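Novice:
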Amino acid sequence: MADSPMLQIRKLHARAGEARILRGIDLDIRAGEVHAIMGPNGSGKSTLAGVLAGRPGFEIESGELLFEGAELAALAPEERAREGIFLAFQYPASIPGVTNNYFLRASLNAIREQRGQEPLDAMDFLELAKQKMAQVEMPKELMSRAVNEGFSGGEKKRNEVLQMLLLEPRLAILDETDSGLDIDALRVLAQGVNALRGPGRALLVITHYQRLLDYIVPDFVHVLSEGRIVLSGGKELAHELEKKGYGWLEIAPGESGDSSEASAGSGAQP
Amino acid sequence: MNRRERAEALLLAHCEAAAQHTPPALRAAQDAGCAVFAAQGLPGVQLEEWRYSSTAPIADFALSALADSDSAAPGASAPIPNSICEVPAAFRDMARPLAASAPALLGALVDVKEHPFAALNAALLQDGLHLRIPAGRELAEPLRLLLPAARGLSNPRIVIEAEPGSRAVVVQEHPAPGAAEHFCNAVTEVQLGAGADMHYVLLQRGNGLLVCNLAVRQERDSHFASHTLTLGGPFVRNDLSLSLAGSGASCEMNGLCIAFGGLLDNHTAVDHAMPQCTSRQLYKGVLGGSARGVFRGRVRVRPGAQQSDAQQSNPNLLLADSAEMDSKPQLEIHADDVKCSHGASMGRLDDEALFYLQSRGLGANAARAMLVRGFAGEMLDALPASLGPILPNFSAQLRECIESALAAEAAQ
Ligand SMILES: Nc1ncnc2c1ncn2[C@@H]1O[C@H](COP(=O)(O)OP(=O)(O)OP(=O)(O)O)[C@@H](O)[C@H]1O
Ligand SMILES: [Mg+2]
Chain F
86 MADSPMLQIR
96 KLHARAGEAR
106 ILRGIDLDIR
116 AGEVHAIMGP
126 NGSGKSTLAG
136 VLAGRPGFEI
146 ESGELLFEGA
156 ELAALAPEER
166 AREGIFLAFQ
176 YPASIPGVTN
186 NYFLRASLNA
196 IREQRGQEPL
206 DAMDFLELAK
216 QKMAQVEMPK
226 ELMSRAVNEG
236 FSGGEKKRNE
246 VLQMLLLEPR
256 LAILDETDSG
266 LDIDALRVLA
276 QGVNALRGPG
286 RALLVITHYQ
296 RLLDYIVPDF
306 VHVLSEGRIV
316 LSGGKELAHE
326 LEKKGYGWLE
336 IAPGESGDSS
346 EASAGSGAQP
Chain A
42 MNRRERAEAL
52 LLAHCEAAAQ
62 HTPPALRAAQ
72 DAGCAVFAAQ
82 GLPGVQLEEW
92 RYSSTAPIAD
102 FALSALADSD
112 SAAPGASAPI
122 PNSICEVPAA
132 FRDMARPLAA
142 SAPALLGALV
152 DVKEHPFAAL
162 NAALLQDGLH
172 LRIPAGRELA
182 EPLRLLLPAA
192 RGLSNPRIVI
202 EAEPGSRAVV
212 VQEHPAPGAA
222 EHFCNAVTEV
232 QLGAGADMHY
242 VLLQRGNGLL
252 VCNLAVRQER
262 DSHFASHTLT
272 LGGPFVRNDL
282 SLSLAGSGAS
292 CEMNGLCIAF
302 GGLLDNHTAV
312 DHAMPQCTSR
322 QLYKGVLGGS
332 ARGVFRGRVR
342 VRPGAQQSDA
352 QQSNPNLLLA
362 DSAEMDSKPQ
372 LEIHADDVKC
382 SHGASMGRLD
392 DEALFYLQSR
402 GLGANAARAM
412 LVRGFAGEML
422 DALPASLGPI
432 LPNFSAQLRE
442 CIESALAAEA
452 AQ
């Protein structure tokens with residue numbers, strides 16, 4: 086299994102209620118790789134991220150979804166998290182009445198338990214959290230506030246990256262973690278994310294802006310449109326998209342979801 | 042005779058038996074209670090105040106727990122225990138038996154005609170606890186009144202006079218009596234002198250029937266905070282009445298009830314009798330399973346009580362379709378320069394928040410429990426810090442109660 090992909094997506098079709106959103110996604114991600122997904126609003130990027138993380142409300146109609154060779158669809162969201170999948174949310178929820186500190190420790194200990202590690206007590210956790218918070222330049226008072234409650238947009242994104250650094254996932258999916266960030270914050274968070282890059286880990290970065298990809302340099306860039314990957318390329322594709330927009334792609338009208346007439350390839354590895 | 046009438050007859054026989062042992066100092070109060078109970082009996086759902094709370098479980102209790110005792114020969118019956126709680130040694134100098142002191146305050150704050158169970162409590166009166174907190178004294182630690190988990194019927198009666206400028210934290214703790222049939226009918230009267238400050242905590246974690254009356258009268262510039270914390274129970278009825286009888290008095294009335302079955306009924310009444318008083322009511326309910334909750338909050342602002350500031354809020358979390366909550370404010374405003382607000386809400390666990398927690402590795406039940414604790418946490422945070430030594434225990438029980446109930450629900 087050594088060089089089989091960490092994540093394998095085959096002809097994936099998914100819907101939310103009546104809405105067919107993903108219409109045949111093919112994507113392989115190997116350990117050590119960074120993939121970027123771009124694409125117009127409403128094309129299905131967050132849906133794909135949600136389907137990977139196990140968000141309720143999406144139904145997989147057909148296709149395959151394998152993480153380290155195991156069927157993902159059968160796993161509850163918490164099981165996926167414990168297996169090493171992490172989603173940095175585009176819109177993180179807030180949890181009134183639960184302090185960030187308490188939540189993060191409970192979460193880390195749930196993951197540690199799965200890895201066969203001892204739970205961290207409050208002191209040890211604080212020590213670790215301090216390190217990671219420094220990495221994302223997060224003010225420490227955010228730890229004693231309720232999770233994301235009243236956090237600014239940028240503070241929420243910092244909190245997402247902080248969680249990623251604490252949980253050390255094998256596959257991290259960042260859904261527009263750059264949106265709403267000022268330029269300094271973007272750099273800091275990108276550095277935080279890069280700190281986690283390594284041969285055993287993979288990243289799936291969803292973004293609208295090439296700028297993020299200057300910091301987190303991807304190995305592959307894919308364009309998602311109407312639920313399909315219509316174009317894949319290297320990091321230079323992001324520059325091209327930044328210049329030309331999406332109009333030049335002859336995107337097939339998505340009536341018949343599984344037709345493969347899209348102009349620019351299927352999105353498998355180049 | 043129907044069940045209720047038979048139960049009333051049994052209870053009345055007990056009252057009459059008790060009367061034979063009533064100390065002389067309490068006889069007048071006992072007589073008055075007995076007369077009202079004889080005339081009115083147990084409240085029925087036709088009464089507005091009891092609309093949502095059928096007292097059938099109490100009638101059933103009386104029929105099964107009192108029937109085989111000697112109601113046929115009431116004179117021979119043992120007196121009903123008044124469940125005088127043990128007062129911790131540090132506070133003994135302030136405590137006296139009611140039967141010895143018979144303070145004027147006894148019966149002065151609760152109108153037995155309006156509170157049928159206060160009438161029953163008086164009718165069974167044998168003794169009770171009288172506490173007098175001397176002027177200016179600040180209690181160094183919380184005064185913990187642990188009511189005994191007696192089997193059968195218990196009838197606690199507590200009268201507290203907090204003299205001007207005193208400061209105290211009092212905990213009235215109703216422990217779970219175990220599986221035994223139990224009906225506790227408690228009445229507490231509290232008088233706060235000018236500038237006095239008191240936190241009063243009602244800790245209720247029962248599997249018995251519980252009726253609690255707490256009536257408070259506040260003089261000028263005094264501050265009172267109640268914390269009614271209820272964990273389950275087949276039948277819990279709380280009547281909390283506060284009279285803001287001196288200008289500048291303020292109160293907070295906090296409540297948290299968590300139940301996965303049974304009936305939890307909180308009735309509050311706050312009377313803004315004088316100008317410039319403030320009242321804050323925050324009652325939170327978490328109801329799952331077949332639990333039924335009731336909140337009824339009455340705010341009255343009397344003519345002339347200008348610059349009254351009254352807020353009431355009753356957010357609820359319903360964890361199951363089968364759980365039910367009735368919430369009803371009742372405002373009677375007879376002054377014009379006042380600020381009054383009220384609101385109630387019925388929410389469910391936020392699916393987004395649940396998914397968020399699960400996506401971070403927390404199991405579905407742990408995630409639900411965390412959200413419930415988050416919702417409830419504010420009420421625990423409002424407790425005075427000096428409760429530290431008592432609270433971890435309660436807080437652990439709270440977590441346990443939430444987690445086991447959620448697990449049981451999930452397993453269904
Ligand atoms: N639960 C749902 N029910 C119905 N339609 C949905 C649901 N969730 C998503 N959609 C629709 O699916 C489409 C894809 O949504 P998605 O959030 O995946 O887009 P996106 O590519 O992330 O867009 P953006 O760039 O704006 O974040 C949208 O048209 C959206 O309205
Ligand atoms: Mg999106």
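From first to last, the protein sequence lines stand for chains F and A. So in the numbering used here, the last one in the first sequence is 355, and the numbering has no gaps at all. So in the numbering used here, the last one in the second sequence is 453, and the numbering has no gaps at all. All C-beta atoms in this analysis are idealised placements derived from N, C-alpha and C, irrespective of residue type, glycine included. Bear in mind the structure is a predicted one, so any value in this text is a computation, not a measurement.
Short of 8 Å in beta carbon distance, which residues of its chain neighbour Ser436 (chain A), apart from the five on each side in sequence? Order them along the chain.
Specialist: Excluding residues within five positions, the ones whose Cβ falls inside 8 Å are Leu421.
Novice: From the DSSP output, which residues share a beta bridge with Arg339 (chain A)?
Specialist: Note: Arg339 (chain A) sits in a beta bridge opposite A:Ala310 and A:Gln371.
Novice: Can you check whether the C-beta of Val183 (chain F) is within less than 7 Å of a C-beta belonging to chain A?
Specialist: At least one chain A Cβ lies under 7 Å of Val183 (chain F).
Novice: Going along the chain, which residues of its own chain have a beta-carbon closer than 8 Å to the beta-carbon of Ile180 (chain F), five neighbours each way excluded?
Specialist: Excluding residues within five positions, the ones whose Cβ falls inside 8 Å are Phe188, Ala231, Val232, Asn233 and Glu234.
Novice: For the region 163-236 of chain F, list the beta strand (DSSP E) runs that are entirely contained and at least 3 residues long, ordered along the chain.
Specialist: The qualifying runs are 170-173 and 180-184.
Novice: For ligand 2, enumerate in chain order all residues having a CB closer than 7 Å to any of its heavy atoms.
Specialist: In chain order, the hits are F:Lys130, F:Ser131, F:Gln175, F:Asp260, F:Glu261 and F:Ile291.
Novice: Determine the extent of the alpha helix (DSSP H) in which Glu57 (chain A) is found, giving its start and end residues.
Specialist: From DSSP, the alpha helix (DSSP H) with Glu57 (chain A) extends over Arg44 to Ala60.
Novice: Checking contacts by CB at 7 Å: is Ile258 (chain F) closer than that to chain A?
Specialist: Chain A, which has no Cβ nearer than 7 Å to the Cβ of Ile258 (chain F), makes this no.
Novice: Looking at the strands, I want to know which residues DSSP matches up with Glu202 (chain A).
Specialist: For Glu202 (chain A), which the question treats as bridged, DSSP gives the partners A:Arg173 and A:Gln232.
Novice: Classify His324 (chain F) as helix, strand or coil using the three-state DSSP reduction.
Specialist: Note: His324 (chain F) maps to helix in three-state DSSP.
Novice: DSSP state of Tyr331 (chain F), grouped into three classes?
Specialist: Tyr331 (chain F): coil per DSSP, three-state reduction.
Novice: Is the Cβ of Met411 (chain A) closer than 7 Å to any Cβ of chain F?
Specialist: It does: the Cβ of Met411 (chain A) has a partner Cβ on chain F nearer than 7 Å.
Novice: With a CB to CB cut of under 7 Å and the five nearest residues on each side skipped, what residues in its chain are close to Leu372 (chain A)?
Specialist: Cβ within range, chain order: Val340, Cys381 and His383.
Novice: Got a sec? Which residues, its chain only, sit under 6 Å from Val128 (chain A) by beta carbon, not counting five neighbours each side?
Specialist: Cβ within range, chain order: Ala136.
Novice: Check the Cβ-Cβ distances between Arg100 (chain F) and every residue of chain A, and say whether any is below 7 Å.
Specialist: Answer no: the Cβ-Cβ gap between Arg100 (chain F) and chain A never drops below 7 Å.
Novice: Can you grab the Cα-Cα spacing for the pair Ser284 (chain A) / Glu49 (chain A), in whole Å?
Specialist: For Ser284 (chain A) and Glu49 (chain A), the distance between alpha carbons rounds to 31 Å.
Novice: For Val18 (chain A) versus Val212 (chain A), is the C-beta spacing smaller than 7 Å?
Specialist: In the structure as shown, chain A starts at 42 and stops at 453, and residue 18 (chain A) therefore has no counterpart that could be examined.
Novice: Which residue marks the beginning of the beta strand (DSSP E) containing Tyr93 (chain A), and which one marks its end?
Specialist: Segment: none, Tyr93 (chain A) is in no beta strand (DSSP E) and carries neither H nor E.
Novice: Would you say the beta carbon of Ser128 (chain F) comes nearer than 6 Å to a heavy atom of ligand 1?
Specialist: It does: the Cβ of Ser128 (chain F) is within 6 Å (strictly closer) of some heavy atom of ligand 1.
Novice: Pair every Cβ in the region 85-93 of chain A with every Cβ in the region 170-185 of chain A, then say whether three or more of these pairs are closer than 8 Å.
Specialist: No, the region 85-93 of chain A is not in contact with the region 170-185 of chain A.
Novice: Determine the direct distance from the alpha carbon of Ala376 (chain A) to that of Ala460 (chain A), and round the result to whole angstroms.
Specialist: In this structure chain A extends from 42 to 453, so residue 460 (chain A) is not present and cannot be described.
Novice: Taking only three categories from DSSP, how would you classify Ala287 (chain F)?
Specialist: Strand, per DSSP.
Novice: Can you tell me whether Tyr300 (chain F) is helix, strand or coil according to DSSP?
Specialist: If DSSP states are grouped into helix, strand and coil, Tyr300 (chain F) belongs with the helices.
Novice: Determine, using beta-carbon pairs with one atom in the region 91-102 of chain F and one in the region 260-269 of chain F, whether at least three such pairs fall under 8 Å.
Specialist: Because the criterion of three Cβ pairs below 8 Å is not met, the region 91-102 of chain F and the region 260-269 of chain F do not touch.
Novice: Per DSSP, Gly388 (chain A) forms a beta bridge with which residues?
Specialist: For Gly388 (chain A), which the question treats as bridged, DSSP gives the partners A:Leu358.
Novice: Comparing the CB of Ala104 (chain F) with every heavy atom of ligand 1, is any distance shorter than 6 Å?
Specialist: Ala104 (chain F) Cβ: within cutoff of ligand 1.
Novice: Excluding sequence positions up to five away, which residues of its chain have a Cβ less than 6 Å from the Cβ of Leu213 (chain F)?
Specialist: Here the set comprises nothing.
Novice: What is the rounded straight-line gap between the Cα of Asp299 (chain F) and the Cα of Asn186 (chain F)?
Specialist: The straight-line gap from Cα to Cα measures roughly 32 Å.
Novice: By DSSP's criteria, Met366 (chain A) is part of a beta bridge. Which residues make up the other side?
Specialist: According to DSSP, which records beta bridges pairwise, Met366 (chain A) is partnered with A:Gly334.
Novice: Since Leu172 (chain F) meets chain A, which of its residues come closer than 8 Å, beta carbon to beta carbon?
Specialist: Those within 8 Å of Leu172 (chain F) in chain A are Ser400.
Novice: Going by C-alpha distance, which of A:Ala164, A:Ala314 and A:Phe276 is nearest Pro197 (chain A)?
Specialist: It is A:Ala164 whose Cα lies nearest to the Cα of Pro197 (chain A).
Novice: Taking the straight line between their C-alpha atoms, what separation do you get for Ser131 (chain F) and Ala209 (chain A)?
Specialist: Roughly 55 Å between the two C-alpha positions.
Novice: Counting only C-beta atoms, is Ala178 (chain F) closer than 7 Å to chain A at any point?
Specialist: It does; some Cβ of chain A falls within 7 Å.
Novice: Would Gly239 (chain F) and Ala270 (chain F) be called neighbours here (beta carbons separated by less than 7 Å)?
Specialist: Yes; because the gap between Cβ atoms is below 7 Å, this pair is in contact.
Novice: Less than 6 Å between C-beta atoms, sequence neighbours within five positions excluded: which residues of the same chain meet that for Gly148 (chain F)?
Specialist: Result list for Gly148 (chain F): Arg95, Lys96, Leu97 and His98, in chain order.
Novice: Using the C-alpha atoms, what's the distance from Asp392 (chain A) back to Val252 (chain A)?
Specialist: Using only the alpha carbons, I get a separation of about 36 Å.
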